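Residue numbers (my numbering), protein chains in the order written: chain U, 5 to 381; chain G, 5 to 205. The beta-carbon is built from N, C-alpha and C at its ideal position, and this holds for glycine as well. Keep in mind that this is a model prediction, so the values were computed, not measured.
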Amino acid sequence: MNPGSVLEVRNLNVAAENGQAGFALLFRILISIQRAKGEGMMSSRSKPLIEEPKSPETPEEVFHWVQAGRISSDAALRHLNRMDNRPMALTLGRDPSKKDAILTSKERADAVLRELDQLVGLTGVKVLVREMRAFVEVQQRRADFHLPQDPQMLHMVFQGAPGTGKTTVARLLGQLFAALGVLPKGHLVEVERADLVGEYIGHTAQKTRDVIKRALGGIMFIDEAYSLARGGEKDFGKEAIDTLVKAMEDYRGEFLLILAGYPQEMAWFLSTNPGLLSRFPIHLEFPNYNAQELLAIARLMLAAGQYTMTRDAEQGFLKYLEEQQGHWHTNAGNARMIRNFLEHAIRRQAVRLADHLDRVTRQELIQLTWADLEGGL
Amino acid sequence: MEALVIGRPNSGKSLFMVNFVAYLGLKELRLEALDEDGMARRQRIPFDQARRQLVSHVAHKTTNLQSIQVDIVTGRSHRILTLTDSVGLTDEIHQASHIRRSMALTLQQLSQKPLVLHMMDASAGGLPWMNALSLVDDEVARYAGGTCPYVILANKMDCETAKHGLDRIRERFRGYPVIPISALTRRGFRDVKGYILRHWG
Ligand SMILES: Nc1nc2c(ncn2[C@@H]2O[C@H](COP(=O)(O)OP(=O)(O)OP(=O)(O)O)[C@@H](O)[C@H]2O)c(=O)[nH]1
Ligand SMILES: [Mg+2]
């Protein structure tokens, strides 16, 4: 048992909680594999007879473990924090000047929009989200003047291939509406057909209601929503839709529903149920990324894991993306596809470096070459 | 009074240290470096040479702890500040044992509860994925922010991208004091000095 890797698992959880689960996770796993390899070589020389404790017990041990390369600095600090069990720990040192702590609604909304702006491409979506914000603020002013306002106006349809940023935007919308006071919590509950549809009569309604309860105060995001209508009249999917529609009335303004999926399938879905279309007035389109945008996404993903591409790799990759533009299989899925390419490349890089790990330079560990990428294309 | 400059590699700890002590009025650097073997070594170097020698865009330029003592004269009192520049902390376990050794020493210093100046590179903080991954910054804030006089220095504010970065830092580290600075242009140094004097323990 390698204690270092146990701690890494905890790191994984932290990254996942931060909402960057997939890719961050992958990088962490790969990094810890690389580490484990290195450590394996170290510890084979002096294998302890008695298994050492799984976590350090004193601060001195923490420092020792850092020095020995058993734990990273952040893990060390978590241990120190645990040992430092002063009751004051949470309040001391925090600046009581509440100015930071309580951001105004406007500041929080601005912060969300800034985060949205950092997403690659998606110009149309960015414009629409700003319009929605304006719409909400006007609605609120209308309420001040006792004019009718309609929270039902905010249910949405997201059209686009997988990996075009639909979930990310949904999450940001949750934060935006929470900042604006439209939703009390603004959390995102992601569901798919299997979460809603049951196996016998009555089961579906129950399952769907359970999910709705979880989503109250936030956003329910149904990916590949058209699959609910796939089975035709006798399918339980229809029961799920009916339950959702009813809940939209019963819990008016208490949650938002976003239906997501490929453009064509979504158009078909909405046409199967005429009542649906009118209940989802806002449609956001998530176009496929172009080659330059995909490269930008690749760079961001790599930067997050402390990887870079060599100049050759970038050029080769861009050329490949340009050639393929328009020819993707609809399931290839854009950003997710890039992620897959990079995952492959990182594995190939690991294989390439594995036979001389003892002499490997920091630069080599960071850089992906064209050969690493090409092999996965 | 002990103050520790801590943060990720390349956040600008060394440049801050050199320019800040110059700002405080030192005429030359009397540097006390704690070598990896724990031995202290003293050096005197002029500032421009110090900048060349200590600051670099290559990560992990600083490989050991280096302290400078500065007299701060305010009114009638005369006090001595020991400012320590440390090795960059990372989420990764570093391959080189001398860096790991210095990281351990840095953490040890931190556990002595000095005044902590937590350096962050605001110009690099704009990337969403990047931010999600800086676990070590989160942990430093949680540890030091809970037990020491603690302030975040959002550095490189002279860069264009730093505005975004500052917002993100404020957002992520809500509730902790943040001072925007530029180690290069010395912006914000007055606020840092003020903060240190107010928390003189
Ligand atoms: N533009 C700008 N650059 C800065 C600033 N502060 C530091 N830098 C640059 O950032 C790089 C890193 O600075 P250092 O002071 O060596 O960083 P460090 O935190 O000591 O790094 P390590 O010792 O490697 O952990 C250098 O190229 C500096 O010139 C700043 O305020 N503005
Ligand atoms: Mg340095």
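Return no unless some Cβ of chain G is closer than 8 Å to the Cβ of residue i.
i: Asn85 of chain U; result: yes
i: Arg218 of chain U; result: no
i: Leu346 of chain U; result: no
i: Ser77 of chain U; result: yes
i: Arg118 of chain U; result: yes
i: Arg343 of chain U; result: no
i: Leu30 of chain U; result: The predicted model places Leu30 of chain U with a pLDDT of 38, which falls under 50 and marks its position as unreliable; any figure quoted below should be read in that light. Answer no: the Cβ-Cβ gap between Leu30 of chain U and chain G never drops below 8 Å.
i: Leu428 of chain U; result: Because chain U in this structure spans residues 5 to 381, residue 428 of chain U falls outside the shown range and cannot be described.
i: Ala115 of chain U; result: yes
i: Asp359 of chain U; result: no
i: Asp227 of chain U; result: no
i: Asp316 of chain U; result: no
Closest Cβ-Cβ distance between residue i and chain U: below 8 Å?
i: His61 of chain G; result: no
i: Tyr27 of chain G; result: no
i: Tyr199 of chain G; result: no
i: Thr189 of chain G; result: no
i: Leu143 of chain G; result: Before going on, a small fix: residue 143 of chain G reads as Glu here, not Leu. Chain U contact via Cβ: present.
i: Ser186 of chain G; result: no
i: Ser18 of chain G; result: no
i: Arg202 of chain G; result: no
i: Leu111 of chain G; result: yes
i: Leu121 of chain G; result: no
i: Phe24 of chain G; result: no
i: Leu139 of chain G; result: yes
i: Ser115 of chain G; result: yes
i: Trp133 of chain G; result: Its pLDDT being 40, under 50, Trp133 of chain G is placed unreliably by the model, and the measurement read from it follows with that caveat. Yes, contact with chain U.
i: Gly130 of chain G; result: In this prediction, Gly130 of chain G scores a pLDDT of 46, lower than 50, which makes its location untrustworthy; the coordinate-derived value is nonetheless stated afterwards. With 8 Å as the cut-off, Gly130 of chain G counts as an interface residue toward chain U.
Compute the minimum distance between the beta carbon of residue i and the heavy atoms of ligand 2, and state whether it is under 7 Å.
i: Thr94 of chain G; result: no
i: Thr66 of chain G; result: yes
i: Asp78 of chain U; result: no
i: Asp89 of chain G; result: yes
i: Lys17 of chain G; result: yes
With respect to the beta strand (DSSP E) encompassing residue i, which residues constitute its N-terminal and C-terminal limits?
i: Pro184 of chain G; result: 182-184
i: Asn159 of chain G; result: 154-159
i: Gln122 of chain U; result: It is not in any beta strand (DSSP E) - Gln122 of chain U carries neither H nor E in the DSSP assignment.
i: Glu368 of chain U; result: Careful: Glu368 of chain U lies outside any beta strand (DSSP E), inside the alpha helix (DSSP H) at 366-370.
i: His203 of chain G; result: Unbroken run through His203 of chain G: none, as it is neither H nor E.
i: Met123 of chain G; result: 119-125
i: Phe149 of chain U; result: Phe149 of chain U -> no beta strand (DSSP E), and no H or E assigned at all.
i: Met5 of chain G; result: Looking at the DSSP string, Met5 of chain G is not in any beta strand (DSSP E), and its letter there is neither H nor E.
i: Phe162 of chain U; result: 160-164
Could you tell me the boundaries of the alpha helix (DSSP H) in which residue i lies?
i: Asn14 of chain G; result: No alpha helix (DSSP H) contains Asn14 of chain G, which DSSP labels as neither H nor E.
i: Gly190 of chain U; result: That residue, Gly190 of chain U, is in no alpha helix (DSSP H); it is neither H nor E in DSSP.
i: Ile216 of chain U; result: 207-219
i: Val140 of chain G; result: 139-151
i: His102 of chain G; result: 101-115
i: Gly92 of chain G; result: First-last for Gly92 of chain G: undefined, no H or E at that position.
i: Phe240 of chain U; result: 240-254
Under 7 Å from any heavy atom of ligand 1, does the C-beta of residue i make it?
i: Gly192 of chain G; result: no
i: Val140 of chain G; result: no
i: Leu111 of chain G; result: no
i: Gly11 of chain G; result: yes
i: His102 of chain G; result: no
i: Val70 of chain U; result: no
i: Cys163 of chain G; result: yes
i: Met87 of chain U; result: no
i: Ser109 of chain U; result: no
i: Ser159 of chain G; result: Contrary to the premise, residue 159 of chain G reads as Asn rather than Ser in this sequence. It does: the Cβ of Asn159 of chain G is within 7 Å (strictly closer) of some heavy atom of ligand 1.
i: Val59 of chain G; result: yes
i: Ser186 of chain G; result: yes
i: Asn338 of chain U; result: no
- Query: Along the region 56-72 of chain U, what residues have a CB closer than 9 Å to any CB found in chain G?
  - Reply: Within the region 56-72 of chain U, the qualifying residues are Pro63, Glu64, Val66, Phe67, His68, Trp69, Val70, Gln71, Ala72.
- Message: To test your reading of the DSSP string, which unbroken alpha helix (DSSP H) runs of 4 or more residues are found completely within the region 261-328 of chain U?
- Response: Entirely contained in the region 261-328 of chain U, the alpha helix (DSSP H) runs reaching 4 residues are, in chain order, 267-276, 278-283, 295-308, 315-328.
- Item | Contiguous alpha helix (DSSP H) assignments of at least 4 residues, all confined to the region 49-76 of chain G | For the region 49-76 of chain G, whole alpha helix (DSSP H) runs of length 4 or above, ordered along the chain, are 51-58.
- Item | Cβ-based contacts, 9 Å cut-off: residues of the region 166-182 of chain G near chain U | Closer than 9 Å at the C-beta level to chain U, one finds these residues of the region 166-182 of chain G: His168, Asp171, Arg172, Arg174, Glu175, Phe177, Arg178, Gly179, Tyr180, Pro181, Val182.
- Residues of the region 82-109 of chain G with Cβ closer than 8 Å to any Cβ of chain U, in chain order: Cβ contacts with chain U: Leu93, Thr94, Asp95, Glu96, Ile97, His98, Gln99, Ser101, Arg104, Arg105, Met107, Ala108, Leu109.
- Just by C-beta distance, which residues in the region 144-162 of chain G are closer than 9 Å to chain U? Across the region 144-162 of chain G, CB contacts with chain U closer than 9 Å involve Val144, Arg146, Tyr147, Ala148, Gly149, Gly150, Thr151, Cys152, Pro153, Tyr154, Val155, in sequence order along the chain.
- Note down, in chain order, all residues in the region 234-267 of chain U with a beta-carbon under 9 Å from any beta-carbon belonging to chain G. From the region 234-267 of chain U, no residue has a Cβ closer than 9 Å to chain G.
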